[in-house]
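To start, the structure under review is shown below, and the notes come after it.
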Amino acid sequence: MLLIPCPWCGPRDEPEFQFGGEPAVRPISANAVSDARWADYLFLRGNEKGFHRIERNYGNFTRSFAVPNTFDTENIAANFKNGVLTVSLPKKEAAKPRTIKIESAN
Amino acid sequence: MLADRPAPTKGGGARGMGARAKARHDGRMRYSAVSLFRQGLAGHTGWGQAWRSPVPQRSYDAVIVGGGGHGLAAAYYLAKNHGLRRVAVLEKGWIGGGNTGRNTTIVRSNYFFPESAAIYDFALKLYEGLSQELDYNIMLSQRGMLMLAHTEHELDMMARSVNAMQINGIDVELLDAKQVRDEVPLLNFAPDARYEIHGGFTQRRAGTARHDAVAWGYARAASALGVDIIQGCEVTGFDIIAGRVTGVMTSRGPIGAGVVGLAAAGHSGVLAGLAGFRLPIQSYALQAMVSEPVKPVLGTVVMSPATGMYVSQSDKGELVFGAGLDLYPSYAQRGNLPVEQAVVAGMLEIFPAFRRLKLLRAWAGLVDVCWDYSPIIGPTPVAGMFVNCGWGTGGFKAIPAGGWMLAHLLATGAHHPISAPFDLARFTTGRLIDEAAGAGIAH
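As they're listed, the protein sequences go chains B and D. Residue 310 is where the first sequence starts when you use the numbering used here, and the numbers rise one by one after that. Residue 16 is where the second sequence starts when you use the numbering used here, and the numbers rise one by one after that.
Set out below in structure tokens:
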């Protein structure tokens with residue numbers, strides 16, 4: 310997960326500022342890694358017992374979901390690079406975490 | 016050379032056969048025509064248990080997880096070939112209740128690559144002597160197997176496969192359309208047949224065996240050699256100390272183990288997960304079904320890769336036929352209608368005479384499919400833990416060899432020469448044994 314360095318409070322998770330996450334396994338380059346690492350990536354599977362979700366596909370791809378009104382819909386962006394589709398959905402200012410100073414009487 | 020059934024003697028070998036033959040029937044009734052006659056006179060009241068149901072001991076030299084054919088065979092060969100006595104087979108359900116009880120009982124060894132031919136033919140040779148060896152009739156019927164070619168191109172490819180198999184020493188013959196028709200006259204040779212038959216090939220030593228009898232025969236013989244077969248005992252975790260397995264946690268308490276063998280087919284991935292590593296397999300449902308019983312109509316096993324269908328007739332008279340894999344991975348041990356419909360339609364195109372038969376039952380097994388459709392036999396990343404899995408859709412035919420190889424690994428810690436190419440390391444080296452393309456299997 311991408312961390313955004315904050316000068317006041319150190320690294321902060323990206324989803325604090327926008328909705329996001331890895332939609333699929335990030336591909337690796339075969340030549341850049343060892344044979345064992347490549348075998349681990351290419352062949353080995355968790356093969357968990359239970360339901361499997363498959364969302365990788367060739368050809369046209371449509372995925373629809375409802376966007377809650379806390380999104381900054383004007384600034385939604387999509388980027389496809391190296392097999393990974395990244396859709397970034399920024400949060401509205403009002404939905405971002407904010408610091409509330411505690412006012413003390415004494 | 017193939018016909019005279021040489022006893023497999025490589026590796027683990029057949030040491031001290033005489034002593035073992037005595038030990039095997041220690042206090043146990045020998046099954047024979049005489050004992051059957053005696054029991055008949057006594058009203059069949061004197062048959063003993065075929066295998067013991069012991070309470071698990073605190074520890075064993077070797078623990079095998081999975082009481083299907085492969086696990087039971089491994090236990091038997093551990094005791095018989097390697098002299099281990101403190102061996103346990105842990106089965107979460109009942110023995111032979113997984114894929115051993117859910118397949119279409121076909122045995123054959125017509126594989127393309129030399130490595131595959133070696134291991135599957137080793138299994139077939141052991142099958143040929145198994146009824147005598149186990150003193151248990153596994154009802155092996157070497158009725159032959161016929162693979163159909165529905166186009167000229169398929170027949171060309173088949174000729175290439177047959178040549179390769181013959182070089183590997185497998186008794187296969189290429190047949191033209193007329194020879195196929197002579198073998199199985201019921202096939203659809205009508206001029207307007209949707210799947211024309213251009214020829215095929217046969218392996219005469221292939222056939223069927225009784226699936227339950229294979230599990231029960233190995234269980235009985237292993238139990239007589241002192242192996243504890245513990246049913247209703249699910250493995251829930253492994254004791255791993257400094258990278259070495261020292262025992263298993265089970266639903267019936269912890270059990271110490273010198274070495275552990277995994278033979279859990281479709282659930283191998285679950286066990287690997289418990290032990291903290293991953294395997295290059297995915298689990299799919301593979302289904303099969305039987306028709307109502309009829310008089311003998313089909314004297315051989317017929318496989319049609321193009322329609323994803325294979326059929327044989329059981330001794331009871333039911334047509335036993337099977338299908339391709341489901342299109343998605345799952346752990347569902349049940350059939351489903353779309354695949355059922357496709358396979359029945361395929362069979363009726365090839366055997367129009369079967370269209371009035373009623374379907375009796377359908378079921379599915381959970382098969383562990385490897386990327387190259389070859390098994391995984393060998394050590395795992397955990398020391399002292401060995402795996403025999405990845406047989407996918409063809410594990411039943413390999414039971415004696417899978418058991419023999421796993422036993423060799425558990426006893427010696429090293430590969431039998433036949434199992435060495437099937438090591439997990441092939442996925443790192445890239446030396447895959449790609450039978451998905453080569454063997455002409457139906458799925």
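Quick reminder that beta carbons are idealized off the backbone N, C-alpha and C, glycines included.
query, result
"Close beta carbons around Val-274(D), own chain, < 6 angstroms, minus the five adjacent residues each side", "Ala-77, Gly-399, Leu-425"
"Length of the line joining the Cα atoms of Gly-418(D) and His-85(D)", "5 angstroms"
"6 angstroms Cβ shell around Glu-357(B) - same chain, five flanking residues per side excluded", "none"
"DSSP beta-bridge partners of Met-400(D)", "Val-275(D)"
"Interface partners of Ser-298(D) on chain B, CB under 9 angstroms", "Asn-356, Lys-358"
"Sequence-distant residues of its chain with Cβ nearer than 6 angstroms to Leu-189(D) (five each side left out)", "Ala-174, Val-177, Phe-216"
"Residue span of the alpha helix (DSSP H) that contains Lys-107(D), given as start and end", "No alpha helix (DSSP H) contains Lys-107(D), which DSSP labels as neither H nor E."
"DSSP three-state assignment for Ile-421(D), whether helix, strand or coil", "Reading the sequence as shown, one finds Leu at residue 421(D) and not Ile. Helix at Leu-421(D)."
"Top-ranked residue by Cα proximity to Asp-159(D), from Tyr-75(D), Ala-360(D), Ser-124(D), Ser-74(D)", "What sits at residue 159(D) in the sequence shown is Gly, not Asp. Of Tyr-75(D), Ala-360(D), Ser-124(D), Ser-74(D), the residue nearest in Cα terms is Ser-124(D)."
"Contact set between the stretch 362-392 of chain D and chain B, restricted to residues whose Cβ is under 7 angstroms from the partner", "Trp-386"
"Unbroken stretches of the beta strand (DSSP E), 3 residues or longer, contained in the stretch 144-175 of chain D", "160-164"
"Separation of His-423(D) from Asn-96(D), as counted between CA atoms", "8 angstroms"
"Ile-270(D) and Gly-258(D) closer than 8 angstroms at C-beta", "no"
"Phe-216(D) at chain B interface by Cβ criterion, 8 angstroms", "no"
"Residue-chain proximity (Asp-344(B), chain D), Cβ-Cβ < 8 angstroms", "yes"
"Positions along the stretch 132-162 of chain D whose CB lies within less than 8 angstroms of some CB in chain B", "none"
"Proximity to Thr-443(D) [Cα-Cα], best of Ser-373(B), Leu-351(B), Lys-400(B), Ala-375(B)", "Leu-351(B)"
"Proximity to Phe-374(B) [Cα-Cα], best of Leu-398(B), Ala-404(B), Asp-322(B)", "Leu-398(B)"
"Reference Val-382(D); option with closest CA among Gly-82(D), Phe-137(D), His-282(D), Phe-366(D)", "His-282(D)"
"Where Ile-433(D) falls: helix, strand or coil (DSSP)", "coil"
"Tyr-135(D) versus Thr-315(D) - alpha carbon distance", "19 angstroms"
"Beta-carbon proximity of Phe-336(D) to Ile-391(D), cut-off 8 angstroms", "no"
"Nearest neighbour of His-168(D), chosen from Glu-364(D), Ala-321(D), Val-326(D), Asn-118(D) [CA to CA]", "Ala-321(D)"
"Against chain B: residues of the stretch 278-292 of chain D by CB proximity under 7 angstroms", "Gly-284, Val-285, Gly-288"
"Where the alpha helix (DSSP H) through Ile-365(D) begins and ends", "352-365"
"Residues that Thr-395(B) bridges to, as DSSP identifies them", "Asn-388(B)"
"Local Cβ density within 10 Å of Val-49(D), reported as buried at 16 or more and exposed below that", "exposed"
"CB contact check: Pro-295(D) to chain B, cutoff 8 angstroms", "yes"
"Delimiting residues of the alpha helix (DSSP H) encompassing Val-229(D)", "226-239"
"Inter-residue Cα distance where the pair is Ala-38(D) and Lys-107(D)", "Confidence is the limiting factor: at Ala-38(D) the pLDDT is only 41, short of 50, which leaves the residue's position unreliable, though a coordinate-based value still follows. Straight-line Cα distance between these residues: approximately 28 angstroms."
"Span separating the alpha-carbon of Ala-429(D) from that of Phe-366(D)", "48 angstroms"
"Per DSSP, the bridge partner or partners of Glu-450(D)", "In the DSSP output, where bridge partners are listed per residue, Glu-450(D) has none listed."
"Any chain D beta carbon closer than 8 angstroms to Ser-338(B)", "no"
"Beta bridge counterpart(s) of Val-187(D) as assigned by DSSP", "Gln-218(D)"
"Chain D residues whose Cβ lies nearer than 7 angstroms to that of Ala-348(B)", "Phe-442, Thr-443"
"Same chain, Cβ closer than 8 angstroms to Gln-487(D), neighbours up to 5 away in sequence not counted", "Lying before the first or after the last residue shown, residue 487(D) is absent from chain D, which here runs from 16 to 458."
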